[in-house]
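A.B. asks: Okay, here's the structure, questions in a sec.
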Amino acid sequence: MHVDEKTVRRIASLARLKVTDAEAKSLEGELSGILDWVTMLDEVDTKGVEPMTSVEATSLRLREDKVTDGNIGADVTRNAPLKEDNFFVVPKVVE
Amino acid sequence: MQNKASTSAANKPNNLLKGATGEWEVIIGLEVHAQVASKAKLFSGASTTFGAEPNSNVSLVDAAMPGMLPAINGECVAQAVRTGLGLKAQINKRSIFDRKNYFYPDLPQGYQISQYKNPIVGEGTIEIDVDGVTKVIGIERLHLEQDAGKSIHDQHPDYSYVDLNRSGVALMEIVSRPDLRSAKEAQAYVTKLRTILRYLGTCDGDMEKGNMRADVNVSVRRPGAELGTRCEVKNVNSIRFIGQAVDYEARRQIDIIEDGGTIRQETRLFDNAKGETRSMRSKEEAHDYRYFPDPDLLPLEFDQAFIDGLQKGLPELPDEKKARFMAQYGLSAYDASVLVAEKESADYFERVAKGRDGKAAANWMINELFGRINKEGTTIATAPVSDVANNAIIGMISDGTISGAIAKKVFDIAWTTGRDPIEIVDTDGLKQVTDMGAIEKAVDAIITANPDKVEQVKLKPSMLGWFVGQAMKQSGGKANPQQVSDLLKAKLGI
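The structure is reproduced here in structure tokens:
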């Protein structure tokens, strides 16, 4: 399966990664190689087999509806490059 | 999610919109986001309280700090199941949480935990009444997902401020089938859905706080033709705006097509101030959310006993209550639907109607009480005339202690002074005069004083009303109008 440069650029943009022309070229080959390798799985007959969504055969444990956390605004924003009154401050984003 | 329109939603011709080249049918589907009523968030123990200090209702899970793991709140699951039962929907005992990937500053995880292919609730229905016609609207699904945080753009010219208090709060996304055909129907649907959620106690329905909001999908087509291309108007936050968004968007699309253009599938914003929709220009590229099952979360599973337990605890829902009010109290469909629109007023009505004629109690409540409440801008909970007081007034009308006209006067005094209606009638001497002697005397005086009118009424019996009016006036409204009328008929020989 061949991944072309356009697809590489699209994947990079979705992941918010900056990719140089040289990197894009090399990623074309790498991603194509990875997909070719994974494509081997197509040889397995999975008819009637439900897709596996977790490795454990148990189900989700339910938590009680109790407030047990919060009021740590200063901690939450501690690593933020910019903050004000416990708000995160980010470059303007308006749609 | 707009793929097929149910045949049950056949259009009525009066819903069609006129264009320059003929008639158009509007197809609407709604995705309603309803905040789940719970104390803690969907996957963390932080509080859901509205209006807290910035980032104070945030745990390290909600801020997506590395290494944090989500743990699901059982009450949110129960609320989703209750809502599904209230929508007569299929409950899925096994559902899966997926990651919906996108980047935005108020989404710290870089993905929203949602449900994609296997939602907790499947197909259901909602009945709406528009212009006296009942229509069944299909529900496609209901799934649980996380809310995002909030970005504030007006604090600084160059920066946006991000508050994650909402981040991780549980939402139910309720997706309708494209069965709605007019702004009115869309509004009736959201109103009914809100009523059901409030009865169930699964969402407070507070649209001003953003606890319930809708994405409105609109397309147009020639009646009976293939579905047209749809546009999605995001985050409309009032029932009035939903109507405006539908009308504006339908007209815009019709104009484009009639001018020879084509509709581009896109996401649009609704401008509350201008009442119009606008393209979200930044989205040149179609979204690609790359959904996949969240590896941090196991499948959500529960058994039939869990569902049965919740079913047992459900309250009487609006449709059932309306049917019961019509059967038990003899109310019209209209009166019953007015009273059941809010659970609070339905419960209030039953207290007012206790031991009284149900129809009289409903009329009284809708005309007198609701009329005054609307005029004064108050609510049923804070109205100065209580349920007990209204019950007493209706009792006094039905046993003939006071007339309907006096009852209104008593209600007004009670409203402004807070006095007890029975005490008002006693103290102010407002009891209906049943002493026939006194009434007869007044009637005789009127007849003697108006010989010309007596001649007229013999030719024109509808003049009787004038005599009744005079006699009632003389009694200060305290005579029984029926008795006065009977007496006058006898005396005047008509």
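So the sequences go chain by chain: A and B. Under this note's numbering, the first residue of the first sequence is numbered 10, with each subsequent residue one higher. Under this note's numbering, the first residue of the second sequence is numbered -6, with each subsequent residue one higher. Beta carbons: idealized from backbone N, C-alpha and C, even for Gly.
Could you pull the start and end residues of the alpha helix (DSSP H) that residue 338(B) belongs to?
C.D. replies: If you number the second sequence from 1, residue 338(B) lands on position 345. Element bounds for residue 338(B): 336 to 345.
A.B. asks: On the premise that residue 302(B) lies in contact with residue 169(B), defined as a C-beta separation below 8 Å, what is that separation, rounded to the nearest angstrom?
C.D. replies: By one-based count along the second sequence, residue 169(B) stands at place 176. By one-based count along the second sequence, residue 302(B) stands at place 309. Actually they are not in contact, since the Cβ atoms of residue 169(B) and residue 302(B) sit about 28 Å apart, beyond 8 Å.
A.B. asks: Classify residue 57(A): buried if its beta carbon has 16 or more other beta carbons within 10 angstroms, exposed otherwise.
C.D. replies: Translated into the one-based positions of the first sequence, residue 57(A) becomes position 48. Residue 57(A) should be labelled exposed.
A.B. asks: If I'm right that residue 52(B) touches residue 39(B) with Cβ under 8 Å, what's the distance once you round it to whole angstroms?
C.D. replies: The count along the second sequence starts at 1 and reaches residue 52(B) at position 59. The count along the second sequence starts at 1 and reaches residue 39(B) at position 46. About 4 Å; that satisfies the 8 Å criterion.
A.B. asks: Sort 389(B), 236(B), 228(B) by Cα distance to residue 414(B) and report the nearest one.
C.D. replies: The residue you call residue 414(B) lines up with position 421 of the second sequence. Here the closest residue by C-alpha is 389(B).
A.B. asks: Step through the CB atoms of chain B and report whether any lies within less than 8 Å of the CB of residue 13(A).
C.D. replies: Reading the first sequence from its first residue, position 4 is the one you call residue 13(A). No, residue 13(A) lies away from the interface with chain B (no Cβ there is under 8 Å from its Cβ).
A.B. asks: So the candidates are 88(A), 71(A), 103(A); which of them puts its Cα closest to the Cα of residue 290(B)?
C.D. replies: Taking the first residue of the second sequence as position 1, residue 290(B) is located at position 297. The shortest Cα separation from residue 290(B) among 88(A), 71(A), 103(A) belongs to 71(A).
A.B. asks: Determine, using beta carbons only, whether residue 73(A) comes closer than 8 Å to chain B.
C.D. replies: Taking the first sequence and counting its residues from 1, one reaches residue 73(A) at position 64. Yes, because at least one Cβ of chain B sits closer than 8 Å to the Cβ of residue 73(A).
A.B. asks: Nearest chain A C-beta to residue 104(B) closer than 8 Å, yes or no?
C.D. replies: For the purposes of this step, residue 104(B) is identified with residue 111 of the second sequence, where counting begins at 1. No, residue 104(B) does not count as interfacial toward chain A.
A.B. asks: In terms of residues, what are the limits of the alpha helix (DSSP H) holding residue 472(B)?
C.D. replies: The residue you call residue 472(B) lines up with position 479 of the second sequence. Careful: residue 472(B) lies outside any alpha helix (DSSP H) and carries neither H nor E.
A.B. asks: Can you tell me the Cβ-Cβ gap for residue 286(B) and residue 88(B), rounded? I've got them flagged as a contact below 8 Å.
C.D. replies: Taking the first residue of the second sequence as position 1, residue 286(B) is located at position 293. Taking the first residue of the second sequence as position 1, residue 88(B) is located at position 95. 11 Å between Cβ atoms; not a contact.
A.B. asks: Going by alpha carbons, who is nearest to residue 243(B) out of 229(B), 214(B), 96(B)?
C.D. replies: For the purposes of this step, residue 243(B) is taken as residue 250 along the second sequence, with counting starting at 1. Checked all of 229(B), 214(B), 96(B); the closest Cα to residue 243(B) is 214(B).
A.B. asks: Tell me which residues share the same chain as residue 385(B) and place their Cβ nearer than 6 Å to its Cβ, disregarding the 5 neighbours each side in the sequence.
C.D. replies: Numbered from 1 along the second sequence, position 392 holds the residue referred to as residue 385(B). If we look at residue 385(B) and ignore the five residues flanking it on each side, its Cβ neighbours are 414, 415.
A.B. asks: To be precise: take each residue of the segment 15 to 26 of chain A, compare its Cβ to all Cβ atoms of chain B, and keep it if any distance is under 7 Å. Which residues remain?
C.D. replies: Answer in chain order: 23, 25.
A.B. asks: My output table needs one value for residue 277(B): the three-state DSSP class, helix, strand or coil.
C.D. replies: Taking the second sequence and counting its residues from 1, one reaches residue 277(B) at position 284. Bear in mind that a pLDDT of 49 at residue 277(B), under 50, signals an unreliable position, so the model cannot answer this.
A.B. asks: Here's the rule: buried if 16 or more other CB atoms are within 10 angstroms of the residue's CB, otherwise exposed. What is residue 201(B)?
C.D. replies: Walking along the second sequence from the start, residue 201(B) turns up at place 208. The residue is exposed, with fewer than 16 neighbouring Cβ atoms inside 10 Å.
A.B. asks: Going straight from the alpha carbon of residue 43(A) to that of residue 198(B), what length do you get?
C.D. replies: Within the first sequence, the letter at position 34 stands for residue 43(A). Within the second sequence, the letter at position 205 stands for residue 198(B). About 49 Å.
A.B. asks: Any chance the segment 84 to 91 of chain A sits against the segment 79 to 96 of chain B, with 3 or more Cβ pairs inside 8 Å?
C.D. replies: Short answer: they don't touch.
A.B. asks: Is residue 55(B) closer than 8 Å to residue 144(B) when the C-beta atoms are compared?
C.D. replies: As a working note, residue 144(B) is residue 151 in the second sequence. As a working note, residue 55(B) is residue 62 in the second sequence. No; because the gap between Cβ atoms is not below 8 Å, this pair is not in contact.
A.B. asks: Please go through the same chain and pick out, in chain order, the residues whose beta-carbon is closer than 7 Å to the beta-carbon of residue 268(B), but skip the five residues on each side of it.
C.D. replies: For the purposes of this step, residue 268(B) is taken as residue 275 along the second sequence, with counting starting at 1. Only 237, 241 meet the Cβ criterion.
A.B. asks: For residue 68(A), which residues in chain B fall below 9 Å Cβ to Cβ?
C.D. replies: If you number the first sequence from 1, residue 68(A) lands on position 59. Correct list: 87, 291, 292, 293, 294, 295.
A.B. asks: Rounded C-beta distance between residue 74(A) and residue 374(B)? I'm assuming under 8 Å.
C.D. replies: Numbered from its first residue, the first sequence carries residue 74(A) at position 65. Numbered from its first residue, the second sequence carries residue 374(B) at position 381. Their Cβ separation, rounded to whole angstroms, is 26 Å, which puts residue 74(A) and residue 374(B) out of contact at 8 Å.
A.B. asks: Taking its Cβ as the centre, do 16 or more other Cβ atoms sit within 10 Å of residue 136(B), making it buried, or is it exposed?
C.D. replies: Here residue 136(B) refers to the residue found at position 143 of the second sequence. When all chains shown are included, residue 136(B) counts as buried.
A.B. asks: Nearest CA to the CA of residue 403(B): which residue from 391(B), 383(B), 392(B)?
C.D. replies: In the second sequence, the residue the question calls residue 403(B) occupies position 410. Looking at the Cα atoms, 383(B) is the closest of the given residues.
A.B. asks: Is the CB of residue 38(A) under 8 Å away from at least one CB in chain B?
C.D. replies: Here residue 38(A) is taken as the residue at index 29 of the first sequence, counted from 1. No, residue 38(A) does not count as interfacial toward chain B.
A.B. asks: Is there a C-beta anywhere in chain A that falls below 8 Å from the one on residue 277(B)?
C.D. replies: Here residue 277(B) corresponds to residue number 284 of the second sequence, with the count starting at 1. Note that residue 277(B) has pLDDT 49, beneath the 50 cutoff, so the model's placement of it is unreliable and no number is given.
A.B. asks: Please identify, using Cβ separations under 7 Å, the residues of the segment 135 to 153 of chain B that lie next to chain A, in order along the chain.
C.D. replies: Of all residues in the segment 135 to 153 of chain B, 144, 146, 151, 152, 153 have a Cβ within less than 7 Å of some Cβ in chain A.
A.B. asks: Going by C-alpha to C-alpha distance, which of 118(B), 337(B), 478(B) sits closest to residue 459(B)?
C.D. replies: Within the second sequence, the letter at position 466 stands for residue 459(B). Closest option to residue 459(B), Cα to Cα, is 478(B).
A.B. asks: Residue 34(A): buried (16+ other C-beta within 10 angstroms of its C-beta) or exposed?
C.D. replies: Locating residue 34(A) in the first sequence gives position 25, counting from the first residue. When all chains shown are included, residue 34(A) counts as exposed.
A.B. asks: Using a beta-carbon distance cut-off of less than 7 Å, what residues from the segment 67 to 78 of chain B approach chain A?
C.D. replies: Those residues of the segment 67 to 78 of chain B that come within reach of chain A (Cβ to Cβ, closer than 7 Å) are 67, 68, 70.
A.B. asks: DSSP state of residue 10(A), grouped into three classes?
C.D. replies: The residue you call residue 10(A) lines up with position 1 of the first sequence. Three-state DSSP puts residue 10(A) in coil, outside helix and strand.
A.B. asks: Measure the alpha-carbon distance for residue 277(B) versus residue 354(B) and round it to whole angstroms.
C.D. replies: Within the second sequence, numbered from 1, the residue matching residue 277(B) stands at position 284. Within the second sequence, numbered from 1, the residue matching residue 354(B) stands at position 361. Interpretation of residue 277(B) is limited by its pLDDT of 49, a score under 50 that renders its predicted location unreliable; the figure taken from the coordinates is listed afterwards. Their backbone Cα atoms lie some 59 Å apart in a straight line.
A.B. asks: Comparing C-alpha positions only, which one of 180(B), 254(B), 281(B) sits nearest to residue 20(A)?
C.D. replies: The count along the first sequence starts at 1 and reaches residue 20(A) at position 11. Closest option to residue 20(A), Cα to Cα, is 281(B).
A.B. asks: If we define contact as Cβ-Cβ less than 8 Å, is residue 48(A) a contact residue for chain B?
C.D. replies: Here residue 48(A) refers to the residue found at position 39 of the first sequence. So no, residue 48(A) is outside the interface.
A.B. asks: Determine whether the Cβ of residue 340(B) lies closer than 8 Å to any Cβ atom of chain A.
C.D. replies: Locating residue 340(B) in the second sequence gives position 347, where the first residue counts as 1. It does not: the Cβ of residue 340(B) has no partner Cβ on chain A nearer than 8 Å.
A.B. asks: Would you call residue 429(B) buried or exposed, if buried means 16 or more other Cβ atoms sit within 10 Å of its Cβ?
C.D. replies: By 1-based counting over the second sequence, the position of residue 429(B) is 436. Burial call: exposed.
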